[in-house]
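S.K.: Residue numbers (our numbering), protein chains in the order written: chain A, 14 to 356; chain B, 14 to 356.
Think of the CB as a built atom: it goes at the ideal place given N, C-alpha and C, for glycine as much as any other residue.
All figures in this text were calculated on a predicted structure; none of them were measured in a lab.
Number of protein chains: 2
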Amino acid sequence: MDVELSARSRQILEAIVEDYIATAEPVGSSAVARRHALTLSPATVRNVMANLEEMGLLTSPHTSAGRVPTDKAYRFYVDSLVGLRQVTREEKRHIIQRCRQSGAGLPEILKETSRALSSLSNYMGIVVAPSFTSDIFRHIEFIRIGSHKVLAILVSTNGLVQNRLIETGDDIPENDLLAMSNYLNELMQGLTISQARERILAEMQSEKVQYDSMMSQALRISEQAVTVGGDEIFVEGQARILDQPEFSDAGRMKEIFRAFEQKGQMLRLLNRCMNADGVQIYIGSETPVSQSAGVSLITSRFTTGNNTIGLLGVIGPTRMGYSSVIPIVDYTARLVSRLLSEI
Amino acid sequence: MDVELSARSRQILEAIVEDYIATAEPVGSSAVARRHALTLSPATVRNVMANLEEMGLLTSPHTSAGRVPTDKAYRFYVDSLVGLRQVTREEKRHIIQRCRQSGAGLPEILKETSRALSSLSNYMGIVVAPSFTSDIFRHIEFIRIGSHKVLAILVSTNGLVQNRLIETGDDIPENDLLAMSNYLNELMQGLTISQARERILAEMQSEKVQYDSMMSQALRISEQAVTVGGDEIFVEGQARILDQPEFSDAGRMKEIFRAFEQKGQMLRLLNRCMNADGVQIYIGSETPVSQSAGVSLITSRFTTGNNTIGLLGVIGPTRMGYSSVIPIVDYTARLVSRLLSEI
DNA sequence: GATTAGCACTCTACATCAGTGAGTGCTATT
DNA sequence: AATAGCACTCACTGATGTAGAGTGCTAATC
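#1: Check distances from the C-beta atoms of the stretch 251-266 of chain A to those of chain B and list, in chain order, the residues that come in under 7 Å.
#2: Look at A306/B and I339/B and say whether their C-beta atoms are less than 7 Å apart.
#3: Does the separation of the CB atoms of V327/A and T126/A fall below 7 Å?
#4: Using 7 Å as the limit for Cβ to Cβ distance, is G138/A near chain B?
#5: Taking T312/A as the reference, give the member of A44/A, V61/A and Y136/A with the closest Cα.
#6: Compute the Euclidean distance between the alpha carbons of R281/A and L71/B, then round it to the nearest angstrom.
#7: Just reading off the beta strand (DSSP E) that S309/A is part of, what are its end residues?
#8: Once you ignore the five residues that flank A346/A on each side, which residues in its own chain have a CB closer than 8 Å to its CB?
#9: Helix or strand or just coil, what does DSSP make of M68/B?
#10: So with CB distances below 7 Å, who are the chain B contacts of G182/A?
#11: What does DSSP give as the partner residues of I246/B in its beta bridges?
#12: Identify whether S226/A lies in helix, strand or coil by the three-state DSSP scheme.
#13: Tell me whether the beta-carbon of E154/B lies closer than 7 Å to the beta-carbon of S194/B.
#14: The beta strand (DSSP E) with L167/B in it runs from where to where?
#15: Compute the distance between the beta-carbons of E245/A and A165/A, then report whether it is under 7 Å.
#16: Using alpha carbons as the reference points, say which of S43/A, I341/A and Q223/A lies closest to E103/A.
#17: What does F150/B pair with, by DSSP beta-bridge criteria?
#18: In terms of alpha-carbon separation, which member of A78/A, E17/A, N64/A and T52/A lies closest to V40/A?
#19: For T83/A, I'd like the list of residues in its chain whose CB is within less than 7 Å of its CB, leaving aside the five on either flank, ordered along the chain.
#20: In chain order, what residues of the same chain lie with their CB nearer than 8 Å to the CB of K124/A, ignoring the 5 residues before and after it?
#21: Where do the N-terminal and C-terminal ends of the beta strand (DSSP E) with E180/B fall, by residue?
#22: If we cut at 7 Å on Cβ distances, does F270/B have a partner in chain A?
#23: By DSSP, does I185/A sit in helix, in strand, or in coil?
#24: Per DSSP, I156/B is paired with what?
#25: Give a yes or no on whether 7 Å exceeds the smallest Cβ distance from E274/B to chain A.
#26: Would you kindly report the start and end of the unbroken beta strand (DSSP E) that includes Q293/A?
#27: Answer yes or no: does any C-beta atom of chain B fall closer than 7 Å to that of I109/A?
#28: What does T316/B touch in chain A if you count any residue whose Cβ is under 7 Å from its own?
#29: When you compare only the Cα positions, how much space is there between I29/A and R80/A?
#30: Against N176/B, what residues of chain A qualify as contacts under a CB-to-CB distance less than 7 Å, listed in chain order?
#31: Strictly below 8 Å CB to CB, what residues from chain B border G118/A?
#32: Under 7 Å between beta-carbons, which chain B residues line up against E154/A? List them in chain order, please.
#33: Under the rule that 16 or more other beta-carbon atoms within 10 Å means buried, what is Q175/B, buried or exposed?
#34: Over what stretch of residues does the beta strand (DSSP E) that includes V349/B continue unbroken?
#35: For a contact defined as C-beta to C-beta under 8 Å, what are the partners of R151/A on chain B?
#36: Note down, in chain order, each residue of its chain lying with its Cβ closer than 7 Å to the Cβ of A86/A, except the 5 sequence neighbours on either side.
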């Protein structure tokens with residue numbers, strides 16, 4: 014950020030941003046002068062505001078309205094102005110309770126986490142489950158369902174389960190299935206799911222296997238089993254954004270809901286947030302979410318016991334309560350990481 | 014329905030309902046007279062409309078607006094007026110393609126089905142998966158995850174999988190787990206999940222078991238495993254209802270979205286629709302969904318190969334294209350039943 | 001007796017038009 | 001540098017008028 018500001022300009026910018034976050038109305042010079050501890054006249058404030066506008070930090074919707082912060086202003090605000098609130102004991106209790114109450118399964122915990130994020134922030138909570146493919150293989154099992162159908166069940170050390178119905182050309186007897194799973198369990202011991210997949214593909218080339226029809230069949234089937242679908246993503250509190258005044262008109266809302274209907278697209282975008290550690294903040298046009306929808310995204314990674322990583326965070330309007338949401342996201346990520354490592 | 018109407022009244026009512034469905038605007042006497050094949054003057058139509066209003070079939074939002082059908086009118090319409098459209102070849106192809114394209118797993122099929130319902134009807138598509146508890150037990154399996162954690166995997170003949178992480182007091186060796194699952198697989202052979210649960214509870218009382226610590230442990234654990242959570246429900250196309258003019262104002266929309274956030278409540282209400290065969294139609298105030306929200310519900314049951322039943326259907330405004338949606342729901346239910354019985 | 005033409009009436013939607021007030025930018029003053 | 005003053009802009013509000021859609025009633029017509 015190449016923004017250089019005098020102390021006073023910064024204070025005024027901060028005042029404007031916070032006022033706007035609180036009220037969602039353009040804020041005028043006199044409002045700033047009044048609210049502001051520093052005794053300055055509206056006229057002076059106006060001069061400063063004119064500067065800020067020139068620097069691209071403020072805009073006014075029309076001549077006689079107050080000023081509204083731009084994305085750039087929010088950026089500056091979160092980077093250097095925002096005074097982060099502490100997470101209150103109340104809130105901590107709420108998060109912990111939520112994350113704990115559900116059954117011990119990972120998906121349940123994550124779902125509750127997204128609920129908690131949503132209800133504490135009053136925006137949308139999202140959680141992207143750790144990618145199954147980077148989980149460590151624990152167990153594979155085949156169960157005969159129909160005469161030509163086999164259910165493959167794949168378990169990771171995180172206790173995640175993926176199952177897949179596979180059509181087999183022949184009817185495979187139970188005994189063979191058992192032998193196959195023994196062979197494969199041996200083969201994939203200690204690997205991640207994606208490594209396991211590579212191992213399988215490699216093994217399929219080996220001569221020894223090519224002459225053993227059962228083994229090659231086992232590999233063919235398990236290859237399908239380990240090719241699992243996309244990650245899971247939990248979104249909660251979509252209705253909450255209807256409370257935000259900026260989305261009360263139907264058009265903008267539709268945009269957002271559309272964006273969330275294709276979770277696939279969503280995921281691809283969220284994956285970008287996975288690369289850095291700590292709390293990540295994307296504001297407005299920086300956001301990958303449906304461009305120019307006036308949406309901000311605050312995320313943080315969390316880790317499981319096995320160092321696989323997931324993502325959690327909050328989506329809300331750019332006019333978001335950063336000072337409270339950022340600590341909440343941060344705290345939640347740490348908490349979830351801790352909870353999961355205990356498992 | 015205790016509504017007796019002359020042929021002409023019925024025709025006029027039908028015209029009004031269909032006009033209103035098409036335009037979402039109150040329909041006036043002259044519009045009916047024009048559209049209507051029968052050559053009648055607006056004045057005559059007005060007389061009839063006055064009658065219909067007195068009978069509670071129409072209302073006018075204000076003196077000089079046209080008439081709007083009441084829920085009662087829609088009821089009468091679907092019961093005795095509506096001329097059902099055939100499902101076009103195009104549509105059939107679309108549904109089939111959608112249901113087939115996904116992997117062979119039941120959840121995937123149902124998800125795609127709800128998608129298909131949504132995109133063909135242009136309203137919200139819902140599918141309630143067959144209750145797992147009435148599925149027939151196929152297989153149970155325990156996998157050691159941590160030192161005091163066991164993952165129980167429960168498979169039904171439909172290929173549905175439920176898994177549950179269970180904390181065990183002691184550390185159970187793999188061998189014991191194997192023995193336990195053998196014992197339980199024997200025990201629950203051929204039963205439905207809910208029957209299996211009862212069997213387990215009964216077995217826990219038997220003397221023979223009480224002295225065998227391994228068996229009693231097996232029962233304790235499996236009892237947790239078969240106590241599975243609620244049914245699954247797939248809702249697709251929520252954003253579509255934003256296209257409906259009656260929901261373009263934020264307030265009503267919020268109501269609906271709120272209603273759908275608690276799937277639990279939703280499910281309880283949908284379960285009522287499970288009792289009867291064939292296409293069920295609930296209009297406006299008849300609907301269990303968030304009262305007085307102007308929502309209609311069209312559902313039909315479908316069955317799997319094992320005679321477990323699920324529910325699918327469409328949710329939209331009372332002003333819904335009944336003539337095309339009803340056949341679509343009907344056809345889809347039959348198709349899904351057929352598809353699932355092939356599995 | 002049912003149907004219809006005619007007409008007065010009602011009410012909304014839309015446009016127009018001040019008046020108001022919030023807020024600005026500029027300039028002159030402190 | 002800070003501020004007071006002032007003219008100016010522009011959205012918002014409420015009043016007013018008009019057009020149009022639609023109704024209900026009555027009297028004429030088939």
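M.R.: Based on what the coordinates show:
#1: So the list reads Q251, A252, L255, S261, A263 and M266, given in the order they occur along the chain.
#2: Note that the C-beta distance between A306/B and I339/B is not below 7 Å.
#3: The answer is no: Cβ separation not under 7 Å.
#4: For G138/A, not one C-beta of chain B is nearer than 7 Å to its own C-beta.
#5: Checked all of A44/A, V61/A and Y136/A; the closest Cα to T312/A is Y136/A.
#6: Rounded to the nearest angstrom, the two C-alpha atoms are 50 Å apart.
#7: DSSP places S309/A inside the beta strand (DSSP E), whose first and last residues are V308 to T316.
#8: Correct list, in chain order: V292, S313, R314, F315 and L325.
#9: Coil, per DSSP.
#10: At a beta-carbon threshold of 7 Å, none of the residues of chain B lie near G182/A; the nearest stands roughly 14 Å away.
#11: For I246/B, the beta-bridge partners assigned by DSSP are V141/B.
#12: Helix at S226/A.
#13: Between E154/B and S194/B, the C-beta gap is smaller than 7 Å, which places the two residues in contact.
#14: First-last of the beta strand (DSSP E) with L167/B: K162 to S169.
#15: Note that the C-beta distance between E245/A and A165/A is not below 7 Å.
#16: Nearest option by C-alpha distance: I341/A.
#17: S169/B.
#18: Measuring C-alpha to C-alpha distances from V40/A to each of A78/A, E17/A, N64/A and T52/A identifies A78/A as the nearest.
#19: G69, L70, L71 and T72.
#20: Result list for K124/A: S115, V140, F247 and E249, in chain order.
#21: Counting along the chain, the beta strand (DSSP E) containing E180/B begins and ends at V174 to E180.
#22: Yes, its Cβ sits closer than 7 Å to a Cβ of chain A.
#23: DSSP places I185/A in coil when its eight states are reduced to three.
#24: Its beta-bridge partners are L164/B.
#25: Interface residue, yes.
#26: That run of the beta strand (DSSP E) goes Q293 to Y295.
#27: No, I109/A does not count as interfacial toward chain B.
#28: Neighbours of T316/B in chain A, taken as residues at a C-beta separation under 7 Å, are lacking, since the least C-beta distance is about 17 Å.
#29: Answer to the nearest angstrom: the Cα atoms are 8 Å apart.
#30: Residues of chain A passing the Cβ test: V174.
#31: N176, R177 and L178, listed in chain order.
#32: Per Cβ cutoff of 7 Å: E154.
#33: The residue in question, Q175/B, is buried, as its Cβ has 16 or more Cβ neighbours within 10 Å.
#34: Taken as a continuous stretch (DSSP letters only), V349/B belongs to no beta strand (DSSP E), being part of the alpha helix (DSSP H) at Y335 to E355.
#35: The contacting residues are I156 and I158.
#36: Closer than 7 Å at Cβ, skipping near neighbours: L26, V30, L70 and L71.
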